[in-house]
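In this note's numbering, the protein residues as written are 327 to 788.
Backbone N, C-alpha and C define an ideal beta-carbon position, used for all residues, glycine too.
Note that the structure is a prediction, hence the values are computed from the model and not measured.
Set out below in structure tokens:
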């Protein structure tokens with residue numbers, strides 16, 4: 327009987343090593359030779375695998391409602407899933423207790439995914455303005471949330487399409503390189519696909535870290551390599567059992583990729599409470615996942631139908647133009663050179679964050695307000711470059727997470743009081759004045775930040 331169980335790799339008991347302890351990393355540290363068999367950690371660890379995946383798949387499938395499918399044209403369904411993804415990150419961030427509270431990425435991901443949703447809204451609005459209503463018997467490129475079916479009217483040169491002409495001129499590197507309807511359609515679809523691809527990886531990883539720590543306390547007990555071994559087993563389990571759920575899990579997928587050592591080094595950073603080391607998880611996200619699934623499609627990783635919907639490899643240049651021009655289309659700028667802050671570097675549950683502005687005072691009262699030139703606590707600007715270049719966006723994303731943690735830790739350098747005629751104020755989104763700020767009397771950031779993340783979680787329920 328025991329020989330049969332050994333063939334199934336079920337660890338019952340091991341001979342002691344030099345220390346008198348079992349050497350199998352998945353066994354407990356209980357001394358051998360006692361009356362009860364050793365506990366197998368892998369056996370227990372496996373019990374959470376399906377629990378993790380049930381949570382991820384529930385969110386993934388939330389775009390299907392009342393029999394609707396998550397088709398590429400169904401914007402309402404895709405936007406509903408984006409909100410569910412953002413909310414799931416938010417719930418992970420708010421839940422951690424004990425050592426699992428190190429999962430800072432969940433809070434940043436909740437706000438980042440939220441602003442990807444606002445980027446999707448911007449793209450949909452542009453397509454609505456540039457396109458025309460499709461007839462009932464015609465295929466549509468996008469079905470808006472109100473049911474309007476939009477197709478390309480193909481009239482960029484028609485002066486009736488002044489919106490498209492204006493953005494085409496303003497967002498291009500040259501007169502004939504601006505963003506068009508087709509570029510925006512590719513951009514929207516790839517934003518949707520990339521948002522889901524990251525979640526299928528990072529959502530599963532964060533849930534695993536949280537549930538494993540809550541049950542086994544390996545971070546607390548310093549069992550870092552044991553945790554990594556269990557994670558490796560989880561990766562293989564997902565690829566074996568859930569390969570059909572999404573391309574990230576498939577044979578050419580990048581889930582749990584060892585490429586560059588980024589993910590596991592980052593997980594070791596989380597396990598040892600080394601925040602800077604944990605930032606290599608961003609390298610994994612940007613270089614191993616989004617590079618293949620959003621920025622430069624890898625034909626061996628992306629199924630043929632999705633490859634076509636996303637514009638195939640010819641769409642790479644369209645997506646580059648879309649991403650580099652999106653902020654110019656949105657016109658949502660705060661702070662010095664705040665390119666891309668509208669969808670990427672804002673820590674808020676709405677398109678507008680809390681922000682510092684400078685107020686000028688005259689005899690008649692407040693005469694003018696201007697954006698502050700110093701850093702902002704709830705935004706981190708992108709200062710330029712080709713955002714589609716992984717070597718440009720990856721270090722910037724790391725800085726965004728660092729800035730998020732500074733806000734969480736109340737570690738922000740507030741401006742001086744100013745003068746009687748010129749002083750900084752802290753504004754709530756929409757322009758509500760929260761009062762003067764100075765280095766000596768700053769507002770508390772963490773409660774505001776947590777309230778934003780809670781709002782993201784609540785939005786996912788609607």
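- In or out: residue 757 buried (at least 16 other Cβ within 10 Å) or exposed? Flag for residue 757 reads exposed.
- Item | Residue of 505, 746, 565, 634 minimising C-alpha distance to residue 449 | 505
- From what residue to what residue does the beta strand (DSSP E) around residue 761 run? 759-762
- Query: Whose C-beta lies closer than 7 Å to the C-beta of residue 742 among residues of the same chain, with five residues either side of it excluded?
  - Reply: 764, 765
- Query: Which residues bound the alpha helix (DSSP H) around residue 726?
  - Reply: 716-734
- Item | 7 Å Cβ shell around residue 418 - same chain, five flanking residues per side excluded | 429, 432, 532, 533, 536
- Query: According to the neighbour-count rule (16 or more other Cβ atoms, all chains shown, within 10 Å of its Cβ), is residue 551 buried or exposed?
  - Reply: exposed
- Query: residue 695 to residue 755, Cα distance in whole Å?
  - Reply: 15 Å
- Query: Tell me which same chain residues have a C-beta within less than 6 Å of the C-beta of residue 516, skipping the five on either side of it?
  - Reply: 620, 636, 645
- Message: Once DSSP output is grouped into helix, strand and coil, what is the label at residue 421?
- Response: In the three-state DSSP reduction, residue 421 falls in the coil class, being neither helix nor strand.
- Query: Can you tell me the Cα-Cα spacing of residue 702 and residue 780, whole angstroms?
  - Reply: 21 Å
- Task: Could you tell me which residues DSSP pairs with residue 316 in its beta bridges?
- Result: An answer regarding residue 316 cannot be provided, because it is not within the stretch 327 to 788 covered by the chain.
- Spell out whether any CB of chain C is found under 8 Å from the CB atom of residue 507. Given the protein chain composition of this structure (a single chain), no chain C is represented.
- Query: Which residue comes first and which comes last in the alpha helix (DSSP H) that contains residue 564?
  - Reply: If you look at residue 564, you'll find it in the alpha helix (DSSP H) that goes 550-567.
- Query: Around the Cβ of residue 787, are there at least 16 other Cβ atoms within 10 angstroms (buried) or fewer (exposed)?
  - Reply: exposed
- Just grab the DSSP bridge partners of residue 680 for me. None; residue 680 has no bridge partner.
- Item | Inter-residue spacing [alpha-carbon to alpha-carbon] between residue 648 and residue 514 | 9 Å
- Task: Drop a sphere of 10 angstroms on the beta-carbon of residue 434, count the other beta-carbons inside from all chains shown, and report buried for 16 or more, exposed for fewer.
- Result: buried
- Own chain residues within Cβ distance below 8 Å of residue 476, not counting five before or after: 453, 454, 457, 458, 459, 460, 466, 467, 468, 469, 470
- Message: If you reduce the DSSP assignment to three classes, tell me which class residue 749 lands in.
- Response: strand
- Close Cβ partners of residue 540 (< 8 Å) along its chain, the five nearest in sequence each way excluded: 423, 424, 426
- Limits of the alpha helix (DSSP H) - the one that residue 376 falls within: 375-386
- Query: Looking at residue 674 and residue 778, is the spacing between their C-beta atoms short of 8 Å?
  - Reply: yes
- Item | Of the residues 371, 479, 406, the one placed nearest residue 543, counting alpha carbons only | 371
- Item | Boundaries (first-last residue) of the alpha helix (DSSP H) holding residue 542 | 530-542
- Item | Per-residue burial, residue 409 [other beta carbons within 10 Å of its own, 16 or more giving buried] | That one is buried.
- Message: According to DSSP, is residue 485 part of a helix, a strand, or is it coil?
- Response: Interpretation of residue 485 is limited by its pLDDT of 40, a score under 50 that renders its predicted location unreliable; no figure is taken from the coordinates.
- Message: Let me make sure I understand the geometry here. Which of 751, 566, 545 has the alpha-carbon closest to that of residue 376?
- Response: 566
- Item | Residues near residue 759 by beta carbon distance below 7 Å, same chain, minus five either side | 751, 753
- Message: If distances are taken between C-alpha atoms only, which option among 577, 398, 615 comes closest to residue 562?
- Response: 577
- Query: Going by DSSP, what residues sit across from residue 702 in a beta bridge?
  - Reply: 705
- Whole-number beta carbon distance between residue 379 and residue 405, since they are thought to touch under 8 Å: No, residue 405 and residue 379 are not in contact; Cβ-Cβ is about 24 Å, not under 8 Å.
- With DSSP as the reference, please indicate the residues paired to residue 287 in a beta bridge. The first residue shown for the chain is 327 and the last is 788, placing residue 287 beyond what the model contains.
- Task: Alpha carbon to alpha carbon, how far is residue 684 from residue 412? Give it in angstroms, no decimals.
- Result: Each residue's alpha carbon lies about 32 Å from the other.
- Going straight from the alpha carbon of residue 525 to that of residue 612, what length do you get? The alpha-carbon atoms of residue 525 and residue 612 are separated by roughly 12 Å.
- Query: What is the residue span of the alpha helix (DSSP H) that residue 448 lies within?
  - Reply: 430-456
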